[in-house]
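Using my numbering, you'd call the opening residue of the sequence shown number 28 and step up by one each time.
We treat Cβ as the ideally placed atom computed from N, Cα and C, and that holds for glycine.
So the structure is just underneath, and the comments pick up after that.
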Amino acid sequence: MSRTPIQLSDHFTYGRLLRFVLPSIVMMVFTSIYGVVDGFFVSNFAGKTAFASINLVMPFIMVLGGMGFMIGTGGTALVSKVLGEGDEARANRYFSMMILFTLGLGAVLSALGVALMPQVARLLGATDEMLADCVLYGRIVTGFTVAFMLQNVFQSFLIAAEKPKLGLIVTVAAGVTNMVLDAVFVGVFRWGVAGAAIATGLSQAVGGILPLIYFLRPNKSPLHLRATRLEARAILQACGNGSSELMSNISSSLVSVLYNFQLLRYLGEDGVSAYGVLMYVQFVFVAIDIGYAIGSAPIISFHYGAGNHAELKNMLRKSSILMALSGVVLSVLSYLGAVPFSHIFVGYDEGLMALTIHAFRLLSPSFLLAGFCIFISSFFTALNNGLISAIVSFLRTLVFRTGCVIIMPMFWDVDGIWWSMLTADALAFVVSVAFVIAKRKKYHY
Numbered sequence: 028m029s030r031t032p033i034q035l036s037d038h039f040t041y042g043r044l045l046r047f048v049l050p051s052i053v054m055m056v057f058t059s060i061y062g063v064v065d066g067f068f069v070s071n072f073a074g075k076t077a078f079a080s081i082n083l084v085m086p087f088i089m090v091l092g093g094m095g096f097m098i099g100t101g102g103t104a105l106v107s108k109v110l111g112e113g114d115e116a117r118a119n120r121y122f123s124m125m126i127l128f129t130l131g132l133g134a135v136l137s138a139l140g141v142a143l144m145p146q147v148a149r150l151l152g153a154t155d156e157m158l159a160d161c162v163l164y165g166r167i168v169t170g171f172t173v174a175f176m177l178q179n180v181f182q183s184f185l186i187a188a189e190k191p192k193l194g195l196i197v198t199v200a201a202g203v204t205n206m207v208l209d210a211v212f213v214g215v216f217r218w219g220v221a222g223a224a225i226a227t228g229l230s231q232a233v234g235g236i237l238p239l240i241y242f243l244r245p246n247k248s249p250l251h252l253r254a255t256r257l258e259a260r261a262i263l264q265a266c267g268n269g270s271s272e273l274m275s276n277i278s279s280s281l282v283s284v285l286y287n288f289q290l291l292r293y294l295g296e297d298g299v300s301a302y303g304v305l306m307y308v309q310f311v312f313v314a315i316d317i318g319y320a321i322g323s324a325p326i327i328s329f330h331y332g333a334g335n336h337a338e339l340k341n342m343l344r345k346s347s348i349l350m351a352l353s354g355v356v357l358s359v360l361s362y363l364g365a366v367p368f369s370h371i372f373v374g375y376d377e378g379l380m381a382l383t384i385h386a387f388r389l390l391s392p393s394f395l396l397a398g399f400c401i402f403i404s405s406f407f408t409a410l411n412n413g414l415i416s417a418i419v420s421f422l423r424t425l426v427f428r429t430g431c432v433i434i435m436p437m438f439w440d441v442d443g444i445w446w447s448m449l450t451a452d453a454l455a456f457v458v459s460v461a462f463v464i465a466k467r468k469k470y471h472y
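Structure, rendered in structure tokens:
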């Protein structure tokens with residue numbers, strides 16, 4: 028006997044909440060894992076210089092994809108709020124508008140990225156040995172920016188459409204595409220970074236186009252694509268509200284560049300490779316928290332729009348407890364998994380592997396507080412308060428991390444670089460708690 032479908036208007040127990048957000052968590056973890064596959068195949072079949080090259084150019088690619096997260100999270104918060112207010116026609120107009128805007132913006136960004144990739148690679152610190160691989164990988168992947176942005180946008184809107192399982196199916200399809208093509212193009216054909224880039228781009232096409240087809244056809248969800256015109260006010264409202272997600276992507280990318288500069292200075296190419304391994308594993312671990320935040324955000328927006336303060340309080344309390352539990356589990360898993368994780372990527376180089384294991388063990392406590400900070404930023408986005416969300420995200424991912432990665436190595440050398448993430452998240456945790464307390468009367472949670 029099948030369970031009753033979960034709707035945004037429901038009261039959420041722990042069981043119902045976890046059932047609803049689980050597809051989003053699995054979706055984000057799977058997305059992160061198949062993104063890591065590029066690194067695995069390139070590192071093991073093309074060598075550490077090629078591996079360092081794709082890690083160096085990755086921050087720029089993630090900034091472009093972050094535009095999709097901005098439109099998706101901000102647009103979903105707006106659309107879910109309007110659904111909570113009972114105006115389905117306006118919600119669908121806004122939804123259609125966000126997709127149309129994504130198509131146009133993605134095309135412009137793709138063209139600029141392809142044209143400017145050599146200059147971008149140099150700006151990011153590419154050496155003469157790394158430049159050709161950086162440009163080749165970057166240009167191919169950037170050519171698929173429209174699909175990448177659509178994939179990120181639909182990850183949020185499929186949840187608002189009460190179809191999180193469909194989002195999971197699409198993500199699995201995209202992930203399997205990437206993994207199989209990576210194995211063929213890089214492992215069998217030995218196409219190196221070009222093969223990895225083509226595999227990634229085609230998987231993004233699967234992840235972006237399948238949901239587009241679903242929403243263009245008649246469907247049983249609350250959301251449908253229809254002909255509409257762009258309205259500056261609604262787009263600016265959505266982008267402003269979702270700016271924290273873009274800020275997070277841009278800040279993380281800028282900080283990654285800074286980390287790479289610092290590691291090149293202290294350790295050379297091996298430092299960048301070790302950081303790449305850490306970031307791959309961190310992507311997967313943090314994806315659990317991001318998936319929860321994406322999955323729970325439409326619930327919060329709906330009940331905010333409906334004026335259901337009791338359910339807002341319920342969601343904040345349960346989410347805080349779940350984020351605390353996930354932080355403990357991920358920290359322990361990161362510490363215990365330092366050796367096997369390092370061996371998977373750089374087991375072919377004993378010195379690099381020893382460096383990576385050491386870095387892992389210093390990084391592992393940073394997961395204790397990251398989930399709560401990620402959720403609180405998403406929580407305020409869901410409440411359509413993009414300013415607070417952006418402040419929390421901006422301080423955590425840019426200001427605190429930048430300051431820590433510059434200052435801490437002065438006192439603790441390379442170890443200061445690895446410890447800087449925990450310090451930055453501790454500062455962001457204090458800011459997050461302060462905003463939750465300060466705004467409790469306004470939002471009645």
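*Should R423 be labelled buried (16 or more other beta-carbon atoms within 10 Å of its own) or exposed?*
By the 10 Å Cβ count, R423 comes out buried.
*asked:* Could you tell me the alpha carbon to alpha carbon distance between V460 and E156, rounded to whole angstroms?
replied: Rounded to the nearest angstrom, the two C-alpha atoms are 46 Å apart.
*Considering only residues of the same chain and omitting the five flanking positions on each side of A254, which have a CB-CB separation below 8 Å?*
Correct list, in chain order: S123.
*With a CB to CB cut of under 7 Å and the five nearest residues on each side skipped, what residues in its chain are close to G214?*
Hits under 7 Å: F68, F72.
*asked:* Determine whether the beta carbon atoms of I98 and G269 lie at a separation below 8 Å.
replied: Yes. Within cutoff.
*N205 versus G364: straight-line alpha-carbon distance, rounded*: Taking the straight line from one Cα to the other gives about 25 Å.
*Could you give the C-beta distance for V147 and G165, rounded to a whole number, given that I count them as a contact under 8 Å?*
That belief holds up - the Cβ atoms of V147 and G165 are roughly 7 Å apart, short of 8 Å.
*With C-beta atoms as the reference, is T429 less than 8 Å away from S416?*
Not closer than 8 Å, so no.
*Quick one: any contact between the region 216 to 223 and the region 235 to 247, if contact means 3 or more CB pairs under 8 Å?*
Touching, no.
*State the start and end residues of the unbroken alpha helix (DSSP H) segment that holds Q182.*
Counting along the chain, the unbroken alpha helix (DSSP H) around Q182 starts and ends at 172 to 187.
*At what residues does the alpha helix (DSSP H) containing I315 begin and finish?*
296 to 333 is the extent of the alpha helix (DSSP H) around I315.
*On the premise that N276 lies in contact with G152, defined as a C-beta separation below 8 Å, what is that separation, rounded to the nearest angstrom?*
Their Cβ separation, rounded to whole angstroms, is 19 Å, which puts G152 and N276 out of contact at 8 Å.
*asked:* At a cut-off of 7 Å, would you count R149 as near the ligand GTP, judging by its Cβ distance to the nearest heavy atom?
replied: What this structure holds is no ligand at all, so the ligand GTP is not there to describe.
*asked:* Out of Q309, D452, G202, S323, which one is the CA nearest neighbour of T100?
replied: Between T100 and the set Q309, D452, G202, S323, the nearest pair of CA atoms involves S323.
*Using 10 angstroms around the beta-carbon of S29, count the other beta-carbons present and answer buried if the total reaches 16, otherwise exposed.*
With a pLDDT of 47 at S29, under the threshold of 50, the predicted position of this residue should be treated as unreliable, and no value is reported.
*Any idea if P50 is buried or exposed, counting beta-carbon neighbours within 10 angstroms, 16 or more meaning buried?*
Label assigned to P50: buried.
*Would you check if there are 3 or more beta carbon pairs closer than 8 Å linking the region 81 to 90 to the region 297 to 305?*
Taking 8 Å as the limit for Cβ pairs, the verdict is that the region 297 to 305 does touch the region 81 to 90.
*For L396, which residues from the same chain have a beta carbon less than 7 Å from its beta carbon, with the 5 sequence-adjacent residues on both sides left out?*
The beta carbon of L396 is closer than 7 Å to those of G354, D452, A453, F456 in its chain, skipping five residues each way along the sequence.
_My output table needs one value for D65: the three-state DSSP class, helix, strand or coil._
For D65, the secondary structure class from DSSP, reduced to helix, strand or coil, is helix.
*Buried or exposed: A77, going by 16 or more other Cβ atoms within 10 Å of its Cβ?*
That one is buried.
*So, helix, strand or coil for W218, using DSSP?*
In the structure shown, W218 sits in coil (DSSP, three-state: anything other than H, G, I, E or B).
*Secondary structure at L45, three-state DSSP: helix, strand or coil?*
Here L45 sits in helix by DSSP.
_Exposure of Q34, with buried meaning 16 or more beta-carbon neighbours within 10 Å_ = Q34 is exposed by the Cβ-count criterion.
_Secondary structure of F87, DSSP reduced to three states_ = Of the three classes helix, strand and coil, the one that applies to F87 here is helix, per DSSP.
*Can you tell me which of the three DSSP states A254 falls into?*
Residue state, collapsed to three classes: coil.
*Contacting residues, own chain, Cβ-Cβ under 8 Å from G42 (five flanking each side not counted)*: Annotation for G42: no residue places its beta carbon closer than 8 Å to its own, counting only its chain and skipping 5 residues before and after.
*Could you pull out every residue in the same chain whose Cβ sits closer than 6 Å to the Cβ of S278, ignoring the five residues on either side in sequence?*
Taken in chain order, the residues that qualify are T424, L425.
*Would DSSP call K468 helix, strand or coil?*
Three-state result, K468: helix.
*Is the CB-CB distance between L379 and S361 below 8 Å?*
In terms of Cβ geometry, L379 and S361 do not form a close pair [threshold 8 Å].
*Measure the Cβ-Cβ separation of I384 and V356 and say whether it is below 8 Å.*
Taking 8 Å as the cut-off, the beta carbon of I384 is found no closer than this to the beta carbon of V356.
*Got a sec? Which residues, its chain only, sit under 8 Å from V419 by beta carbon, not counting five neighbours each side?*
S271, C400, I403, S404, F407, A455, V458, S459, F462.
*Option in L349, G295, L208 with minimal Cα separation from K75*: Taking K75 as reference, the option from L349, G295, L208 with the minimal CA-CA separation is G295.
*asked:* With distance defined between alpha-carbon atoms, name the residue in I434, G131, G111 nearest to M94.
replied: Ranking I434, G131, G111 by Cα distance to M94 puts G131 first.
_Inter-residue Cα distance where the pair is L252 and L243_ = Rounded to the nearest angstrom, the two C-alpha atoms are 5 Å apart.
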